[in-house]
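Heads up: take any position in the sequence shown, counting from 1, add 1055, and you land on my numbering.
Using N, Cα and C, we set each Cβ at its ideal position, and we do this for glycine too.
Remarks on the structure that follows.
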Amino acid sequence: MLLHAPTPLALGDLTALTRDIAAEVRAGHHPVHVDPERRWYRLLRSDDYVDVWLISWATEQTAELHDHAGSLGALTVVSGSLVEQRWAGHGLRSRRVGAGRSLGFPLGHVHDVGNTEPTPAVSVHAYSPPLTAMSYYAVEPGARLRRTRSVLVESGSSEGVG
């Protein structure tokens, strides 16, 4: 079944956007701060179609297993590396995403993103339409996915970004 989001942007558009802005970050156009206590983030762009976030990840910082409700998403790793744990219908599958690499998130994509390395990571994330709600999940015995809570996301809020 093919799912469409209420946005004129496709996953490829979001991925290209995150790559372009990642290049701006590498060129020094967007300052980055690393907070050892919690993920640091900054909203770089927000309009009717897309939100773009710059996020830094210290060691062991994660986003928690979540979805993006009715939004498509993409990320590009600027520096360091991140690990994505994604729900594959029968359990979690992991993949490492290194600097310069990108991922797209279709509707229904449930994942966690985090930094397991000793050096910080920096990434650019885009969501279209802008995030309005997110659900969080737990994996139960028997490889079952259970929603634990849902939250509304206010414009410009970093709740669940990742």
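When you compare each of the options to residue i by their alpha carbons, which one comes out closest?
i       : options                            : result
Asp1167 : Ala1118, Pro1061, Gly1155          : Ala1118
Pro1061 : Leu1162, Ser1101, Gln1140, Arg1151 : Leu1162
Ser1101 : Thr1187, Leu1207, Leu1200          : Thr1187
Ser1157 : Asp1068, Leu1064, Pro1063          : Asp1068
Ala1198 : Pro1173, Leu1072, Leu1147          : Leu1147
His1123 : Arg1094, Thr1174, Gly1159, His1085 : Gly1159
Thr1174 : Tyr1096, Gln1116, Leu1098          : Gln1116
Leu1064 : Leu1098, Arg1151, Tyr1096, Asp1103 : Asp1103
Ala1077 : Leu1130, Leu1066, Tyr1096, Leu1098 : Leu1130
Val1138 : Trp1108, Gly1128, Asn1170          : Asn1170
Short of 7 Å in beta carbon distance, which residues of its chain neighbour residue i, apart from the five on each side in sequence? Order them along the chain.
i       : result
Gly1153 : Val1132, Ser1136
Arg1081 : Val1133
Leu1200 : Trp1142, Val1165, Tyr1192, Val1194
Thr1203 : Tyr1191, Tyr1192, Ala1193
Glu1172 : Thr1114, Gly1135, Ser1136
His1151 : As written in the sequence, residue 1151 is Arg, which differs from the His given in the question. The residues are Ser1136, Val1138.
Leu1066 : Leu1127, Ala1129, Gly1159, Pro1161
My guess is that residue i and residue j are in contact by the Cβ rule of under 8 Å, so how many angstroms apart are they, rounded?
i       : j       : result
Gln1140 : Ser1149 : 5 Å
Ser1190 : His1121 : 7 Å
Asp1106 : Pro1185 : 4 Å
Would you mind sorting residue i into buried or exposed? The rule is 16 or more other CB atoms within 10 Å of its CB.
i       : result
Ser1205 : exposed
Gly1083 : exposed
Thr1070 : buried
Arg1094 : buried
Gly1155 : exposed
Leaving out five residues on either side along the sequence, give the residues of the same chain with a beta carbon under 6 Å from the beta carbon of residue i.
i       : result
Leu1072 : Ala1181
Arg1097 : Leu1109
Gly1128 : Phe1160, Tyr1182
Can you give me the Cβ contacts of residue i inside the same chain, cut-off strictly under 8 Å, excluding the 5 residues immediately before and after it?
i       : result
Glu1079 : His1085
Leu1099 : Ile1076, His1085, Val1107, Trp1108, Leu1109, Val1179
Okay, do the stretch 1087-1097 and the stretch 1182-1194 touch, 3+ Cβ pairs below 8 Å being the bar? no
Could you check whether the stretch 1093-1113 touches the stretch 1171-1187, counting it as contact only if at least three pairs of C-beta atoms, one from each stretch, sit closer than 8 Å? yes
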